[in-house]
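Q: Those letters in the sequence shown? Residues 38 to 199, per our numbering, in order. C-beta: ideal position from N, C-alpha, C; glycine also. Computed from a predicted model, the values in this text were never measured in an experiment.
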Amino acid sequence: KNGELMDKSLLKLILLISAFLGIVFGILTATPYIGEIAFWILLCFAAVIEMLFLMKVRLLELFTVNESAVIGGIIGFVSFMVFCIVYIPIVAILYKFFNYSTNYGVSMILGNANFGILLILSVFMSVLSATINAFMGFITFYIKEFIKTLDKNEEKRRNIFK
Numbered sequence: 038k039n040g041e042l043m044d045k046s047l048l049k050l051i052l053l054i055s056a057f058l059g060i061v062f063g064i065l066t067a068t069p070y071i072g073e074i075a076f077w078i079l080l081c082f083a084a085v086i087e088m089l090f091l092m093k094v095r096l097l098e099l100f101t102v103n104e105s106a107v108i109g110g111i112i113g114f115v116s117f118m119v120f121c122i123v124y125i126p127i128v129a130i131l132y133k134f135f136n137y138s139t140n141y142g143v144s145m146i147l148g149n150a151n152f153g154i155l156l157i158l159s160v161f162m163s164v165l166s167a168t169i170n171a172f173m174g175f176i177t178f179y180i181k182e183f184i185k186t187l188d189k190n191e192e193k194r195r196n197i198f199k
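#1: So, for Y71: in the same chain, excluding its five sequence neighbours on each side, which residues have a beta-carbon less than 7 Å away from its beta-carbon?
#2: Are the stretch 50 to 68 and the stretch 104 to 123 touching, with three or more C-beta to C-beta distances below 8 Å?
#3: How big is the Cα-Cα spacing for A10 and A106?
#4: Going straight from the alpha carbon of L79 to that of G113, what length do you get?
#5: Rounded to the nearest angstrom, what separates V143 and A56 at their Cα positions?
#6: So, are the CB atoms of L99 and L91 less than 7 Å apart?
#7: Can the beta-carbon of A67 be found closer than 7 Å to that of I127?
#8: Anyone know if the C-beta pair for L165 and V115 falls short of 7 Å?
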């Protein structure tokens with residue numbers, strides 16, 4: 038649309054779904070056994086999950102590599118920041134009041150770090166998540182284009198044999 042990356046309503050929807058993913062994965066990561074898996078899914082595949090969902094409901098169409106990478110980066114950053122906002126208090130409460138640790142290293146950091154260090158660590162991890170998810174958005178675009186090419190070739194092949 039005249040050089041626009043995306044309209045504001047789509048951006049708001051992406052931010053809202055990203056925040057929702059951050060909340061869900063923040064809670065899941067604090068649960069035993071599935072916590073580590075949930076953490077790695079959020080860190081590496083949040084953009085893929087959200088972009089595939091939005092494409093499935095026909096609210097998102099990826100036209101360029103840049104667009105897919107930017108959307109992936111936005112999803113990764115927002116979802117991980119919201120994850121930190123949800124996960125850190127849960128772990129702190131579990132550790133301080135119930136002496137229960139879902140992840141001993143994280144509990145030790147929370148027990149000994151001040152707010153500034155936690156904020157810097159959260160922003161750093163969110164930027165890392167944005168970078169990984171931007172790359173995954175890039176990969177999602179190319180896989181989508183590859184599948185389109187396969188579908189077009191299959192359609193051409195069908196038309197030849199009719």
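A: Let me spell this out:
#1: One point to set straight first is that residue 71 is Ile, not Tyr, in the sequence displayed. Counting only Cβ-Cβ distances below 7 Å, and skipping sequence neighbours, we find L65.
#2: yes
#3: The shown model of the chain, from 38 to 199, leaves out residue 10, and the question about it has no answer.
#4: 8 Å
#5: 22 Å
#6: no
#7: yes
#8: no
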